[in-house]
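Input: a single structure, listed below in structure tokens.
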Amino acid sequence: MKPHPSPPQCRSPGPHRPGRLSALLALLALGLAACSDDHAELDAWMAAQHATLPRTVEPFLPPPPFEPQAYQPGERVDPYQPSRLAGVLPRAEARPDTLLAAELKRPRQPLEDVPLDQMVMVGTLVRAARPQALLKVGPALFRVKVGDYLGPHYGRITAIAESGLDLREIVQDAAGDWVARPARLELQGQALTGAKDSR
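The sequence shown lines up with residues 735 to 933 when you count with the working numbering.
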């Protein structure tokens, strides 16, 4: 039979070295002391900064009271100056609107409610030695003569020719006076198919 091996024997550690342990403890103490000094300096700086901060917020001052100032035009021209209006108003009062007054007294005619740009002159004819113009308004055909009225501006026919007809309209000028102005309706070469005689 083979003999059983003997179990391993535990060896006790050698004796401690007190000098090495003391050195480690001294280094640790120095490190803690250095950290304590750093924290103390940081606390002191924060306390100093906090002491310089304002404790309360200064209230805002109210705005100064608003004082309206009167407008001083100086040498600028006032469009509503009475002396400037005096040159226009007396003239309008001194000259009555005789043209318009005469037109308002007569009866209105049907084509005065139709703008000129909605009328088309399509031809002319002569009746009793008097020229007449044929006007097309929509599907309807009208015959007009000198002295008839067309359009919303009191347009009175003054002449009729094969090329067109002339009118005298009454409108207001920039000063507010009613004045006469010429107008013309040219002949248009459109067919009369489907036209209806309304007179």
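The beta-carbon is built from N, C-alpha and C at its ideal position, and this holds for glycine as well.
Note that this is a predicted model, so its numbers are computed, not measured.
Using the DSSP secondary-structure output, state which residues sit across from residue 898 in a beta bridge.
895, 920.
Identify which residue in 855, 796, 909, 859 has its Cα closest to the Cα of residue 831.
When each option's Cα is compared against that of residue 831, the closest is 909.
Have a look at residue 884 and residue 862 and give me their C-alpha separation to the nearest angstrom.
Taking the straight line joining both Cα atoms gives about 22 angstroms.
Just mark residue 774 as buried or exposed, buried being the case when its beta carbon has 16 or more other beta carbons within 10 Å.
Label assigned to residue 774: exposed.
Residues in its own chain within less than 6 angstroms of residue 790 by CB, not counting five upstream and five downstream?
Excluding sequence neighbours, residue 790 sits near nothing in its chain.
Just to confirm my understanding: we take residue 906, look at its own chain, exclude 5 residues before and 5 after, and list those with CB closer than 8 angstroms. What are they?
Correct list, in chain order: 912, 913.
Do the CB positions of residue 894 and residue 866 come within less than 8 angstroms of each other?
Yes, Cβ-Cβ distance for residue 894 and residue 866 is below 8 angstroms.
With DSSP collapsed to three states, give me the class of residue 846.
DSSP places residue 846 in helix when its eight states are reduced to three.
Mind reading off the beta-carbon distance from residue 920 to residue 855? Whole number of angstroms is fine, and I expect it under 8 angstroms.
The pair is a contact, with the Cβ atoms about 7 angstroms apart (cut-off 8 angstroms).
Which partner residues of residue 864 appear in the DSSP bridge assignment?
861, per the DSSP bridge assignment.
Helix, strand or coil: which one does DSSP assign to residue 875?
Of the three classes helix, strand and coil, the one that applies to residue 875 here is strand, per DSSP.
Using the beta-carbon count (16 or more within 10 Å), is residue 838 buried or exposed?
The residue in question, residue 838, is exposed, as its Cβ has fewer than 16 Cβ neighbours within 10 Å.
Looking only at its chain, what residues have a beta carbon closer than 8 angstroms to the beta carbon of residue 776, apart from the 5 residues adjacent to it on each side?
Closer than 8 angstroms at Cβ, skipping near neighbours: no residue.
Can you say whether residue 853 is buried or exposed, counting buried as having 16 or more other CB atoms within 10 angstroms of its CB?
Classification for residue 853: buried.
Assuming residue 833 is part of the alpha helix (DSSP H), what are its boundary residues?
First-last of the alpha helix (DSSP H) with residue 833: 832-839.
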